[in-house]
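Okay, so here's the structure we're looking at.
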Amino acid sequence: RALIFSLLLGAMVGVLESGGGMRSLVSRLARNIRSRRGGQMLITGLGLGIFFDDYANTLLVGGTMRTTADRFGISRAKLAYLVDSTAAPVAGLSPISTWVVSEISYVAAGLSLAATTDVSAFALFMASMPYRFYAIFALVMVITIAVSDRDFGPMRSLGITAGRTDHRLAQETATSTASDTPEASAESPSWLARLLGGPAKWFRDPIFGTTDPSAETEPLPERLGWAAVIPVLACVFAVITSLYLSGRGAVDEQMTGFLRIAGTVISNGDSYQSLIHGGAVGLLLAMILHRVLGAVSHRRVLWGALRGALQMLPAMVILWLAWALSAQTGEDKLDTGGYLASRLSEQVSPLFLPTAVFLVAGAVAFSTGTSWGTIAILTPLSIELSLRIGAGSSAELADPFGPVCVATVGSVLAGAIFGDHCSPLSDTTILSSRASGCDHLVHVRTQMPYALSVGLITILLGTLPAAWGISPYVCLALGTIAIVAMVMIVGKRPDQL
4 RALIFSLLLG AMVGVLESGG GMRSLVSRLA RNIRSRRGGQ MLITGLGLGI
54 FFDDYANTLL VGGTMRTTAD RFGISRAKLA YLVDSTAAPV AGLSPISTWV
104 VSEISYVAAG LSLAATTDVS AFALFMASMP YRFYAIFALV MVITIAVSDR
154 DFGPMRSLGI TAGRTDHRLA QETATSTASD TPEASAESPS WLARLLGGPA
204 KWFRDPIFGT TDPSAETEPL PERLGWAAVI PVLACVFAVI TSLYLSGRGA
254 VDEQMTGFLR IAGTVISNGD SYQSLIHGGA VGLLLAMILH RVLGAVSHRR
304 VLWGALRGAL QMLPAMVILW LAWALSAQTG EDKLDTGGYL ASRLSEQVSP
354 LFLPTAVFLV AGAVAFSTGT SWGTIAILTP LSIELSLRIG AGSSAELADP
404 FGPVCVATVG SVLAGAIFGD HCSPLSDTTI LSSRASGCDH LVHVRTQMPY
454 ALSVGLITIL LGTLPAAWGI SPYVCLALGT IAIVAMVMIV GKRPDQL
């Protein structure tokens with residue numbers, strides 16, 4: 004069922020991309036921008052709004068906002084940063100995205116390794132949300148940078164250059180990037196064309212052409228933007244409704260309090276089935292609305308859905324391999340978690356485990372360039388390790404919803420995204436620089452100071468105090484204050500010397 008949802012949501016994203024609904028919505032919003040600050044806020048807002056897939060976020064926002072960035076003197080490096088630093092964090096935090104089923108599956112695998120069968124993987128996944136400090140702080144940093152129009156480090160010098168050269172540098176970068184990519188040639192079929200085979204002329208239409216939305220210049224009706232908004236909202240509504248219907252039977256008539264009732268419903272609801280229902284509703288509406296509102300051809304809609312589904316294949320392979328790895332590292336086979344717990348229990352305090360996991364996840368993601376692979380490998384082992392080490396000398400496992408275990412779960416994803424943002428090998432980093440028309444190494448060099456700053460704040464005001472039992476919301480408040488203060492003190496606007 005996890006794989007089915009991945010295919011459904013991937014297909015919906017493919018329809019939104021190929022049908023033009025998302026591009027129409029972005030173009031309509033961009034016409035209302037009047038200032039550099041407004042341009043940055045629109046880019047950030049779009050990055051937050053496209054929460055269902057990090058690849059779609061990167062390609063759509065980066066590709067469609069290059070003209071707006073050039074118009075208001077926003078450097079291509081700044082555009083790539085705003086795109087990259089919203090894509091993975093918002094997809095990782097969203098309970099309805101192409102990430103969510105894989106994450107829940109990895110959590111379930113970790114609970115299975117620890118022989119904890121009476122705990123809902125979805126409930127533990129939701130409980131870890133406020134402990135994903137880096138992802139949340141990265142979004143806070145992006146919003147602060149956009150609203151204040153301040154930068155520091157190498158990014159500031161590029162911002163000054165973009166403002167003083169009438170954007171010629173950005174335009175030259177865009178031109179050179181476009182001419183160097185295979186998709187810029189009409190004779191070059193896409194990866195899907197090469198996969199399916201056949202003459203190149205079969206694949207020259209926008210369905211199989213470039214994945215850069217800005218390259219499609221045909222006019223789109225304004226009403227087509229609703230074909231992007233309505234399916235996403237319907238998907239969210241369908242998931243919530245299905246989850247409620249499947250879990251309401253566990254609610255006691257005497258139970259009071261919204262949060263208590265909601266927690267009971269979430270813990271006992273069929274999360275996988277709910278996500279499948281939402282994905283099916285979203286895909287069906289996306290296909291219908293693009294036909295009705297935009298008169299998009301059946302062929303374009305169907306092939307867009309196919310391309311979107313095929314783009315999920317690498318993630319599905321990683322998920323399958325993660326299941327295989329978890330099966331081999333279980334207690335009845337290699338017992339990797341038990342071995343690590345016995346070796347580390349006397350050397351690593353449970354209070355430092357979330358921080359250690361965050362750093363290890365960051366290092367793995369940085370060296371491999373894949374946050375998905377990092378999460379797949381570390382999540383099951385980290386959960387088992389936290390339950391065993393957290394129990395100390397006791398034969399009983401620690402509380403899965405205790406601060407150490409929940410913070411450890413959150414630290415895996417947060418650390419994976421942190422390493423992704425710093426790595427020149429990361430797929431989302433490469434896509435962000437390419438879609439934004441920015442030199443890849445320039446993007447890595449200008450984004451890294453921001454990522455390292457957020458990573459340091461994550462450790463000092465996030466993982467360390469949270470493991471000691473301090474409320475994650477207190478940690479989030481302190482971290483937000485620290486980020487805003489740092490940007491206002493260290494950062495400068497382009498017009499400031």
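Note that my numbering has the sequence shown beginning at 4, numbered continuously upward.
Glycine included, every Cβ here is placed at the ideal spot set by N, Cα and C.
Nothing here was measured: the structure is a model prediction, and the numbers come from that model.
Smallest Cα separation from residue i: which of the options?
i: Arg37; options: Arg74, Asp57, Gly23; result: Arg74
i: Ala230; options: Ser245, Leu287, Tyr247, Tyr275; result: Leu287
i: Ala488; options: Gly50, Val457, Pro224; result: Val457
i: Val493; options: Leu479, Tyr453, Val367, Tyr134; result: Tyr453
i: Ala485; options: Ala141, Phe125, Thr71; result: Ala141
i: Ala149; options: His443, Ser97, Ile46; result: Ile46
i: Arg158; options: Ile107, Val143, Ile77; result: The sequence given here has Met at residue 158, not Arg. That would be Ile77, whose Cα lies nearest to the Cα of Met158.
i: Ala72; options: Ala438, Val477, Ala480; result: Ala438
i: Val145; options: Val122, Ser21, Ala90; result: Ala90
i: Ala417; options: Val445, Thr449, Ile460; result: Ile460
i: Val407; options: Leu390, Ala419, Ile420; result: Leu390
i: Gln450; options: Cys425, Leu324, Asn60; result: Cys425
i: Leu57; options: Ala469, Arg303, Phe136, Ser429; result: Per the sequence shown, the amino acid found at residue 57 is Asp instead of Leu. Measuring from the Cα of Asp57, the nearest candidate turns out to be Ser429.
i: Val18; options: His301, Lys81, Asn271, Thr70; result: His301
i: Thr101; options: Val239, Val412, Ser245, Leu246; result: Val239
i: Pro468; options: Pro357, Ser435, Leu444, Leu388; result: Pro357
i: Ser474; options: Phe136, Leu6, Leu63; result: Phe136
i: Val504; options: Ser108, Ala80, Leu63; result: Residue 504 lies beyond the residue range present for the chain, which begins at 4 and ends at 500; the question has no answer from this structure.
i: Pro224; options: Thr70, Ala111, Gly156, Val295; result: Val295
i: Ala289; options: Gly228, Leu464, Gly472, Leu6; result: Gly228
If you draw a straight line from the C-alpha of residue i to the C-alpha of residue j, how long is it?
i: Thr483; j: Leu127; result: 24 Å
i: Glu219; j: Pro403; result: Reliability of the predicted coordinates at Glu219 is poor, the pLDDT of 49 falling under 50, and the value obtained from them is presented with this limitation in mind. For Glu219 and Pro403, the distance between alpha carbons rounds to 49 Å.
i: Met491; j: Arg153; result: 7 Å
i: Val447; j: Leu292; result: 39 Å
i: Gly376; j: Asp498; result: 42 Å
i: Gly23; j: Gly440; result: 21 Å
i: Arg466; j: Met132; result: Looking at the sequence provided, one finds Thr at residue 466 rather than Arg. Approximately 13 Å, taken between the alpha carbons.
i: Ser30; j: Trp306; result: 23 Å
i: Lys495; j: Phe54; result: 30 Å
i: Val477; j: Ala138; result: 16 Å
i: Thr119; j: Val103; result: 21 Å
i: Lys409; j: Tyr134; result: In the sequence under discussion, the amino acid at residue 409 is Val, which differs from the Lys named in the question. In a straight line, the C-alpha of Val409 is about 7 Å away from that of Tyr134.
i: Leu481; j: Ile462; result: 12 Å
i: Pro427; j: Ser370; result: 9 Å
i: Met319; j: Met25; result: 25 Å
i: Ile380; j: Ala298; result: 45 Å
i: Ser249; j: Ala283; result: 17 Å
i: Thr382; j: Arg226; result: 43 Å
i: Ile378; j: Glu106; result: 8 Å
i: Gly42; j: Thr147; result: 14 Å
i: Phe361; j: Phe355; result: 10 Å
i: Asp572; j: Thr61; result: This structure gives no information on residue 572, because the portion of the chain shown stretches from 4 to 500.
i: Ala33; j: Met68; result: 8 Å
i: Val237; j: Leu161; result: Before going further, note that residue 237 is Ala rather than Val in the sequence given. The straight-line gap from Cα to Cα measures roughly 41 Å.
i: Ala470; j: Ala117; result: 20 Å
i: Ile279; j: Pro234; result: 14 Å
i: Trp323; j: Gly405; result: 29 Å
i: Val367; j: Thr373; result: 8 Å
i: Ala308; j: Gly285; result: 12 Å
Could you pull the start and end residues of the alpha helix (DSSP H) that residue i belongs to?
i: Trp229; result: 229-250
i: Thr47; result: 39-52
i: Asp57; result: 57-67
i: Cys408; result: 406-425
i: Asp498; result: No alpha helix (DSSP H) holds Asp498; DSSP gives it neither H nor E.
i: Gly24; result: 24-33
i: Ala438; result: 430-439
i: Met491; result: 475-493
i: Phe361; result: 356-371
i: Ser456; result: 443-461
i: Ala253; result: Counting along the chain, Ala253 falls outside any alpha helix (DSSP H), and DSSP gives it neither H nor E.
i: Leu464; result: No alpha helix (DSSP H) contains Leu464, which DSSP labels as neither H nor E.
Legend entry - Length-filtered (4 minimum) alpha helix (DSSP H) runs lying within the region 85-139: 103-116, 124-130
Inset, instruction - At 4 residues or longer, and completely inside the region 271-311: list those alpha helix (DSSP H) runs for me, N to C. - result: 274-297
Inset, instruction - For the region 307-320 and the region 268-285, state whether three or more C-beta atom pairs, one from each stretch, are separated by less than 8 Å. - result: no
Legend entry - Stretch pair the region 47-55 + the region 80-89: three plus CB contacts closer than 8 Å: yes
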